[in-house]
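Written below as structure tokens is the structure these notes are about.
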């Protein structure tokens, strides 16, 4: 068939009509010429011609595609019906748009975080080389760092199974100088990074192997976004330079806008090439990620097998010294393997994967409840349209045709709902992503409405259409015309069947609402627990300063002394109550542990080197022994303060004071014996939800590996902004070259809870929405019962039933539905809850209080939903009701 | 085929075609003139004939049809096929005469 013909069928129809007209005119004129009267001539011409309408219809049919034409008719009819009933249409479309929009938004996020491939050429060829099972916390680990630079150099030489390999690491770059520096997201890349990834320059050139030379690096590449915002989009030439990490770098080019790096959820600003430092590359700094493109015909398994085969050689060549024999043996046994890397890397995956999947399930259930409401509405409508349908059946309409027409109507609703929902999803996912971002961690996810998302929405729409359209349509088209016509406006036998189906829908709605309400309460309570959990640390009035003095050129042996002076400067600022340096700020991520031997026991303990006032600053009391003091210096006996978990785990609860522990040797951290001089209570270490590990603290002056940066914890009653400002000024006055960055401890801790907050907010919202939708369903069905039993209630009232009895009768009906729904819902919640356990904090998914609260809440709103129609029933005037019969 | 043959003589409008077929076949092939039009539509759809609005002999607007190149070829194909059929039927009916 030809579309042109189909689309021009109306035009052809007019043409042919004109043509027939002209035939008739000619024939009539001929007839008149033969001597007939005008009227005779015209009718003779018609006789000769036949039936013009029939001829036209025949031609029209030739032009059209029959099923398409009738489908269009159905759509037009459906649209007319919807317009005739705008209230129904609005409710239906809005609830569908909300349901579909929420589903699509969550899916979009999941797609962006988890499923989507990097916007690169042939991303499926990309693989990452990792130590199988990780490095077990050995050495120092950078963000997304998997391997050391020496291991990378070995891989670069051999790269088995790869057509090209590259390495990169993530870092922060300081752009600018002194107090008006800015932090930028930097990636440090090997020479082949851009070539192997297949990124072509947007402006200028991208760095290549020639840029990888002895330190310091002299060239850099910026991202398109950074180029636009920070360089004003100016042309790249020899004069384009930026002060990065204190040195002027030549900006040689710009990457295209689609390339954000390899970390999903972040956009890099600056890419610096690897450089070779004067001294040897660190062999225990696991800070690079190695990736490559597989050679054609090589699978991940084959590449992994080859990598495993050459691993012993690589490990032997890159072996690090200064560890205890056990660790060295472990290092030698590391096996390398190739893993898929087509969708890049992202810490968002660990943080949000299970939450997003759960949310997708929740929104799916909400949509199901909304669909159930629509199905109920459709059923009720089918009841009122019973006569219309009966008439059409009686006039000879086929049941299939009728079924199709009813389905077209619901699909029309679903399609409009989906289109609106799709638009809504764009908005929702943007809001969601911005709620993931915190002050210091900007999440940039490219949420694009790609084919996968569109397909998802389409599937959801078809699914909803089937769920809420098919059963009512089947019911309606199954009606027996004779009974329906006879019954007139009253209920029929078929109606009872349909009605029990409606009850089943409501029971399902109630049970699903309960599940979602339980989920919502669980997540909200879990979040509340996290917000109020006692970390054992002071939260209010604490400011953290990250201070870098690489530019101060302090000799290594004076670094700790310099830090002490810096701390004194900070402490002398008015308004500051206490301040202390530390090597690790608790609760903000990160971890620092050493392997230790205590008597016969060997294990891992967290280690932190702090200045004497640390415990006082953080509000941690000393349970036994003494605090650190000025006499604990680099030359005195090494001492440590441990926490209660440490005492339980390593000393089995015996008196720890005076006992010793020995750390195992690590590069820069020789084996050392510490005497335990004090005990503190258990405080949280790296995260609020984690259990407290064994912890040990040692005096800052005894820190074995001084570095030119430090973290200072400041306690003050002044507002943090004031504190930060005065400290900045104090430091800048004395050491203008120092780079200082500040964080408010309380805000940071809250920001760490963003995933939990998101989960609590969204599940709470959807839980309430589900409960409301479910109750609307209950209300609808009870109202419908009351309407149907109008005459019965009328008779009862006429026979002397009082209002209370009528209300009780209707409420009993609602109560039965509620009880069955809640019972089923409780079982479902218990079954579904197991999946959520890992996301909950100090709460079990079978928490009876939560279950009871959710059920109670449902009963209260359910009673309200039942009471409204019950009251209406009790106010029924028996005369009115009976006269209607 | 009959329509194509009629148009082979020159462009004509629907009324003429109907009459010409009627006259030529000596009124053996009497059809309702209206049923001609769907046939014309089909032929035009297959691009065997083309149409244009013109003025009839007695100054009336009428739709004229003319044969296209494709139509002329089709006429040849149809005619020879028809002749083959006629020959075959004749042979069956009067085998002795051959």
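Protein chains in written order, with this note's numbering: chain A, 378 to 1262; chain B, 204 to 301.
All C-beta atoms, glycine included, are put in the ideal place defined by N, C-alpha and C.
- In the three-state reduction of the DSSP assignment, residue 502 of chain A falls in the helix class.
- Rounded to whole angstroms, residue 836 of chain A and residue 480 of chain A show a C-alpha spacing of 11 Å.
- The shortest CA-to-CA distance from residue 1024 of chain A to any of A:1070, A:997, A:791 is the one to A:1070.
- Residue 534 of chain A is not a Cβ neighbour of residue 591 of chain A, given a cutoff of 9 Å.
- Of the candidates A:1088, A:977, A:828, the residue whose Cα lies closest to the Cα of residue 943 of chain A is A:1088.
- Close CB contacts of residue 447 of chain A within its chain, under the 6 Å cut and outside five residues either way in sequence, are absent.
- In the three-state DSSP reduction, residue 1051 of chain A falls in the strand class (E or B).
- At a C-beta separation below 7 Å, residue 399 of chain A has these neighbours in chain B: 263, 264, 265, 266.
- For residue 1072 of chain A, DSSP records a beta bridge to A:983.
- Residue contact with chain A for residue 241 of chain B: present (Cβ-Cβ distance below 9 Å to some residue of chain A).
- Annotation: residue 256 of chain B is outside any alpha helix (DSSP H); the continuous beta strand (DSSP E) that includes it extends over 252 to 258.
- Counting only residues of its own chain and dropping the five nearest sequence neighbours on each side, residue 1009 of chain A has a CB closer than 7 Å to the CB of 1016, 1076, 1078, 1079.
- Taking a 10 Å sphere around the C-beta of residue 1038 of chain A, we find 16 or more other C-beta atoms and assign the residue as buried.
- The shortest C-alpha to C-alpha distance from residue 622 of chain A to any of A:971, A:1169, A:926 is the one to A:926.
- The beta carbon of residue 245 of chain B falls within 9 Å of a beta carbon belonging to chain A, placing the residue at that interface.
- Listed in chain order, the positions of the region 434 to 452 of chain A with a beta carbon within less than 7 Å of a beta carbon of chain B are 435, 436, 439.
- Taking the beta carbon of residue 412 of chain A as reference, no residue of chain B falls within 9 Å; the closest one sits roughly 16 Å away.
- DSSP places residue 629 of chain A in the uninterrupted beta strand (DSSP E) bounded by 624 to 631.
- If the five residues before and after residue 903 of chain A are omitted, its C-beta is found closer than 6 Å to the C-beta atoms of 1217, 1218, 1220, all from its own chain and listed in chain order.
- Going by DSSP, residue 266 of chain B is part of the beta strand (DSSP E) stretching over 264 to 270.
- When DSSP reads this structure, residue 1027 of chain A sits in no beta bridge, so it has no partner.
- Counting only Cβ-Cβ distances below 9 Å, residue 283 of chain B has no contacts in chain A at all, with the closest Cβ about 27 Å away.
- At a beta-carbon threshold of 8 Å, none of the residues of chain B lie near residue 386 of chain A; the nearest stands roughly 11 Å away.
- Boundaries of the beta strand (DSSP E) harbouring residue 618 of chain A: 618 to 621, taken from the DSSP string.
- By the Cβ-count criterion, residue 1106 of chain A is exposed, with fewer than 16 other Cβ atoms from all chains shown falling within 10 Å of its own Cβ.
- For residue 516 of chain A, the three-state secondary structure derived from DSSP is coil.
- In terms of Cβ geometry, residue 794 of chain A and residue 472 of chain A form a close pair [threshold 9 Å].
- Straight across, the Cα-Cα distance linking residue 490 of chain A with residue 642 of chain A is about 7 Å.
- Under the three-pair Cβ rule at 8 Å, the region 839 to 851 of chain A counts as touching the region 743 to 752 of chain A.
- Sequence-distant Cβ neighbours of residue 693 of chain A in its own chain, meaning closer than 8 Å and more than five residues away, are 709.
- Looking from the CA of residue 454 of chain A, the closest CA among A:467, A:737, A:783 belongs to A:783.
- Counting only the Cα atoms, residue 648 of chain A lies some 12 Å from residue 595 of chain A.
- Distance from the CA atom of residue 1092 of chain A to the CA atom of residue 1122 of chain A, rounded to whole angstroms, is 10 Å.
- For residue 222 of chain B, the enclosing alpha helix (DSSP H) begins and ends at 217 to 227.
- When C-beta distances to chain A are compared with 7 Å, the residues of the region 206 to 229 of chain B below that value are 217, 218, in chain order.
- The bridge partners DSSP lists for residue 1088 of chain A are A:923, A:959.
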